[in-house]
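Read left to right, the sequence shown gives residues 15 to 423 (this note's numbering). Below is one structure; the comments refer to it alone.
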Amino acid sequence: MKLHLSSPESNKLQATIKVTGSKSESNRILLLQTLYPSLIIQNLSNSDDAQVMEKGLKVNNGEVDIHHAGTAMRFLTAYFATHEGKEIVLTGSQRTTERPIGVLVDALRNLGAEISYVKNEGYPPLKISGRKITKDKVSLPANISSQYISALLLNAPSLENGLEIELVGKITSVPYIKMTLSLLSQIDIENSFEGNTIKVFPKKDVEAKNMVVESDWSSASYSYSIAALSEIGSEINLSAYKEDSLQGDSVLATIYKEFGVETTFNENTVTLKKVENPKTDNLEWDLANAPDIAQTISVTCFGLGMGCHLTGLHTLKIKETDRLEALNTELTKLGADISVTDTTLTIKPTFNINKNVAIDTYNDHRMAMAFAPLAYKTSIIINDAGVVSKSYPDFWSDMATANIGVKEI
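Written as C-alpha cells, this is what we have:
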C-alpha cells in the first residue's frame with residue numbers, strides 16, 4: 015500500500031486520539047500470563063507483534079514464525095529454552111534472521127539450555143529443546159539490547175532457583191529493564207537491581223490480578239511530532255497515559271518542551287499543547303534510554319528547520335532495519351544536511367523541504383510513522399504504508415483524525 019499525505023487546510027489542530035496498549039508492556043505481560051494463568055490482561059496492544067507473541071506462547075512443538083517481531087524472538091527464545099518438553103524451531107522474516115541473537119543464546123547455554131543455529135552462527139532460525147534449568151547465575155555485556163536482559167528476567171521466576179544476572183559494563187536502556195522488574199513486583203515476585211547485579215527470586219504461583227496495559231508512549235511520539243509542527247494553540251488529547259509511566263519513551267514529555275509542546279496529565283488522558291516556538295535551533299540529546307523515538311525526533315527537528323545532535327543510538331543498527339542509515343537516506347531525499355555514525359545522528363538547520371518525495375520504509379513501522387507528521391509541512395508519499403500494523407494498526411486513521419490528508423495511490 016502506497017499513501018499520499020497532504021497538508022491540512024489549517025495547521026491549528028484540535029484532536030482526540032485513543033492509542034491501544036504498549037507493545038513493550040503487552041509482550042511482557044503475555045509471557046507472565048503464560049507462566050501465571052491467574053493474571054488477567056486489559057488494554058492489550060492490537061499490534062502484529064503482540065499477536066504473534068500471544069500465538070507463539072501457545073506452541074509446544076514445531077515451528078514458530080514471529081515474522082518481523084524482534085521482541086517476540088528474544089522473549090520466546092528464553093521461554094522455550096527454559097521450559098522442559100518444548101521442541102521448537104523459532105524463525106522469522108529475512109530481516110529477523112539478520113538480527114543477532116548470539117549474546118542471549120550464549121547466556122542461555124551457560125545456564126544449561128540446548129539451542130542450536132539452523133543456518134548462520136549467531137542468528138535465527140534457532141532449534142530449541144526446552145530443558146529444566148537449575149543454574150542461577152549468568153553474566154551479560156551491559157551495552158546490548160535490553161530485550162536480551164528482559165527475556166531472561168521474565169522467565170527467571172519460573173526457574174527452580176531463580177536467577178542472578180551480572181551486567182558487565184555501562185548499561186543500555188535502563189528504563190526497559192526497570193519496566194520488566196516493576197511488572198514482576200506488581201505480581202509480588204521478589205527482585206532487586208543494585209549496581210550491575212539483578213536478582214529475581216523463584217515463585218510457583220501468583221494471586222489473581224488484573225494487569226492494565228498503559229497505552230504506548232512510542233506511538234504517542236507521532237502525536238507529539240504533529241503538535242510540534244502545528245501552529246501555536248494546537249491541542250491533541252491522548253488516552254490512556256500515566257504520569258508515573260514504566261515506559262522509557264515517556265521522556266517525550268520532557269524532550270518536546272524544547273519544541274514548545276506542553277504536556278498536561280489528566281485522570282485518564284494526556285493533553286499536548288503547542289504553546290510557543292522552539293526554544294533552541296539545535297537540539298542535543300542522549301537517547302540511550304529511549305532509542306525508539308530517535309526517528310520521530312530527527313524528523314521533527316528537520317520539519318521545524320532545526321539542527322540536532324542525537325547520541326546513544328548504537329542499538330538502532332540492529333532494529334527492523336539499520337535505522338541510522340535509513341534516516342540518512344530518506345532525510346537526504348527531503349533536502350536535509352544529515353550525517354550519521356554507528357552511534358550518532360546530526361542534522362544541520364535548513365528550511366528547505368522537498369515536496370512529494372517518496373519515503374521508503376524498509377519493512378520498518380517506525381520509518382513510516384516518523385515521517386508521516388511531516389505532512390504538516392509538505393506533501394509526501396509513504397511506500398509500503400501498511401507496515402505500521404506491526405505496532406500501531408490504527409495509525410493512518412489517527413493521522414486523518416489529526417487533519418492530515420491520507421489517500422491511497
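Even glycine gets a Cβ: it sits at the ideal position worked out from N, Cα and C.
For residue i, three-class secondary structure by DSSP
i      : result
Gly321 : strand
Leu327 : coil
Val424 : Here the chain covers residues 15 to 423 and nothing more, so residue 424 does not appear.
Ser187 : coil
Val265 : helix
Asp120 : helix
Pro171 : helix
Ile423 : coil
Asn342 : helix
Ile396 : strand
Val220 : coil
Ser143 : strand
Ile307 : helix
Glu77  : strand
Glu350 : Checking the sequence shown, residue 350 turns out to be Ala, not Glu. Ala350: coil per DSSP, three-state reduction.
Ile102 : strand
Ser20  : strand
Cβ pair residue i, residue j closer than 9 angstroms
i      : j      : result
Asn397 : Ala416 : no
Val402 : His18  : no
Asp412 : Ser237 : yes
Ala267 : Thr283 : no
Leu118 : Leu166 : yes
Lys256 : Val275 : no
Gly76  : Ile115 : no
Ile55  : Ser40  : yes
Gly176 : Val214 : yes
Ala384 : Ser312 : yes
Leu104 : Ile142 : yes
Glu334 : His82  : yes
Glu249 : Leu286 : yes
Leu168 : Tyr390 : no
Span separating the alpha-carbon of residue i from that of residue j
i      : j      : result
Pro51  : Gln261 : 24 angstroms
Ile240 : Ser20  : 13 angstroms
Ala414 : Leu324 : 30 angstroms
Ile212 : Ser206 : 6 angstroms
Gly126 : Ile418 : 53 angstroms
Met111 : Asp336 : Sequence check: residue 111 is Thr here, not Met. Rounded to the nearest angstrom, the two C-alpha atoms are 14 angstroms apart.
Leu90  : Thr314 : 35 angstroms
Ala86  : Val78  : 10 angstroms
Gln309 : Leu388 : 12 angstroms
His97  : Leu49  : 10 angstroms
Ala386 : Val188 : 29 angstroms
Arg380 : Ser405 : 9 angstroms
Asp300 : Asp219 : 40 angstroms
Val226 : Val33  : 14 angstroms
Glu272 : Leu45  : 37 angstroms
Asn25  : Val265 : 25 angstroms
Met67  : Tyr131 : 21 angstroms
Asn60  : Trp231 : 15 angstroms
Gly326 : Glu180 : 22 angstroms
Ala156 : Asn280 : 36 angstroms
Glu422 : Leu27  : 23 angstroms
Buried/exposed call for residue i, threshold 16 Cβ in 10 Å
i      : result
Gly321 : buried
Ala222 : exposed
Ser164 : buried
Gln161 : buried
Phe365 : exposed
Val354 : buried
Asp356 : exposed
Gly70  : buried
Gly35  : buried
Gln65  : buried
Gly144 : buried
Ser6   : Any question about residue 6 goes unanswered here, given that the chain covers just 15 to 423.
Gly99  : exposed
Asp258 : exposed
Residue nearest to residue i in terms of C-alpha spacing, selected from the options
i      : options                           : result
Ser429 : Tyr137, Thr148 and Lys100         : In the structure as shown, the chain begins at 15 and stops at 423. Residue 429 is therefore absent and cannot be evaluated.
Val182 : Asn175, Ala382 and Gly209         : Gly209
Lys37  : Ile54, Met15, Asp62 and Ala29     : Asp62
Arg113 : Met67, Gly99 and Glu135           : Glu135
Thr148 : Asn296, Ala156, Arg123 and Pro139 : Arg123
Ser393 : Phe273, Val226, Met193 and Leu348 : Leu348
Phe316 : Leu297, Trp231 and Ala304         : Leu297
Leu341 : Leu318, Ile307, Lys369 and Asn370 : Ile307
Glu344 : Ser172, Lys331 and Asp374         : Asp374
Pro363 : Tyr376, Asn377 and Thr294         : Thr294
Ile43  : Tyr376, Ala95, Ile201 and Tyr270  : Ile201
Gly319 : Gly144, Asn368, Leu252 and Tyr190 : Asn368
Leu359 : Ala95, Ala302 and Asp120          : Ala302
Asp263 : Asn251, Glu228 and Thr346         : Glu228
Asp438 : Ile361, Ile395, Ala399 and Ile129 : This structure leaves residue 438 out entirely; the chain is present only between 15 and 423.
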